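Asks: Protein chains in written order, with our numbering: chain A, 1 to 121; chain B, 122 to 242.
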DNA sequence: ATTAGTATTAGTAATTATTACTGTTTATAT
DNA sequence: ATATAAACAGTAATAATTACTAATACTAAT
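1. By the 10 Å Cβ neighbour count, where 16 or more other Cβ atoms means buried, how is residue 51 (chain A) classified, buried or exposed?
2. Using alpha carbons as the reference points, say which of B:131, B:230, B:226 and B:241 lies closest to residue 159 (chain B).
3. When the Cα of residue 19 (chain A) is compared with those of A:105, A:104 and A:57, which residue comes out closest?
4. Name, please, each residue of chain B whose Cβ falls closer than 7 Å to the Cβ of residue 103 (chain A).
5. Starting from the C-beta of residue 62 (chain B), find all residues in its chain whose C-beta is less than 8 Å away, skip the five residues before and the five after it, and write them out in chain order.
6. To the nearest angstrom, how far is the alpha carbon of residue 43 (chain A) from that of residue 107 (chain A)?
7. What residue from B:135, B:239, B:219 and B:222 has the CA that sits closest to residue 100 (chain A)'s CA?
8. Under 9 Å between C-beta atoms, does residue 123 (chain A) make it to chain B?
9. Nearest-angstrom Cα distance between residue 223 (chain B) and residue 215 (chain B)?
10. Have a look at B:134, B:124, B:226 and B:202 and flag the residue whose alpha-carbon is nearest the alpha-carbon of residue 187 (chain B).
11. Using a C-beta to C-beta distance shorter than 7 Å, which residues of chain B count as neighbours of residue 112 (chain A)?
12. Would residue 22 (chain A) count as contacting chain B if we go by Cβ distances under 9 Å?
13. Is the Cβ of residue 33 (chain A) closer than 9 Å to any Cβ of chain B?
14. On the premise that residue 233 (chain B) lies in contact with residue 110 (chain A), defined as a C-beta separation below 8 Å, what is that separation, rounded to the nearest angstrom?
15. Smallest Cα separation from residue 161 (chain B): which of B:174, B:145, B:154 and B:198?
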């Protein structure tokens with residue numbers, strides 16, 4: 001993967017926030033640095049960075065969001081303000097348990113807690 | 122919510138399978154019973170049935186799927202064949218733990234195990 | 001340093017899943 | 001039976017994302 005100014009800018013934007021930004025949000029930010037950057041460029045690079053394991057994608061309903069934190073972790077999604085915050089939940093022997101009981105080889109565990117965050121009553 | 126033949130057909134289709142069908146799949150099935158049914162009707166009724174708590178929606182990446190099983194449970198998604206199979210994972214004191222440690226009021230827990238199901242090596 | 005080759009880009013068109021609109025049909029309470 | 005509003009079919013619109021294309025810009029080899 002050859003260097004490009006656009007990709008480096010996009011990577012820096014994702015790494016600069018804990019808000020798990022969407023492609024649109026990254027695009028809006030990237031335009032401040034590179035005014036004529038294309039939305040397609042943002043999507044293509046987010047995908048490439050994801051494929052390379054440099055960032056990861058998380059699914060928020062039908063919307064893709066991106067996360068610089070590649071450590072295994074989970075998310076709390078607030079239905080009031082829409083925020084998505086990291087949380088580390090213990091799921092130690094989950095993979096083994098599922099392998100033994102269902103012969104299903106777990107490669108990834110996606111846990112999202114839906115609810116109301118501490119900003120609201 | 123007034124009776125409608127279309128909605129009843131759609132409900133029966135969702136209740137007839139464990140495959141967690143998408144709107145498109147339900148539409149294809151519904152057309153066999155009601156050839157001129159509209160895709161919009163399928164979407165509208167899936168939404169209504171969900172809002173009424175008669176079925177529930179689960180998110181498979183960016184695709185919405187529907188599930189007649191309203192018991193709290195989780196899913197195993199096979200990356201090889203795309204199947205989505207029910208699994209009940211223990212997460213007993215999760216809500217209390219998260220409430221105490223993060224002051225986050227959990228209303229719903231979404232867990233998807235990504236991996237390879239027992240149909241493949 | 002110049003060139004050649006190809007990855008990457010901007011801009012635009014196309015696709016996919018889903019929702020909104022509109023005039024017509026249909027369930028159901030009176 | 002009739003009125004009323006919910007629901008419908010058909011179609012257009014939207015949102016998120018991907019694909020296409022001709023021009024641009026890295027970078028490795030001359």
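Glycine included, each C-beta is placed from N, C-alpha and C at the ideal position.
Here the structure is a predicted model, which is why all the values come from computation and not from measurement.
Replies: Per the coordinate set shown:
1. exposed
2. B:131
3. A:57
4. 239
5. With chain B covering 122 to 242 only, the question about residue 62 (chain B) has no answer from this structure.
6. 25 Å
7. Per the Cα distances, B:239.
8. In the structure as shown, chain A starts at 1 and stops at 121, and residue 123 (chain A) therefore has no counterpart that could be examined.
9. 11 Å
10. B:134
11. 231
12. no
13. no
14. At roughly 5 Å, the Cβ-Cβ gap stays under 8 Å, so residue 110 (chain A) and residue 233 (chain B) are in contact.
15. B:145
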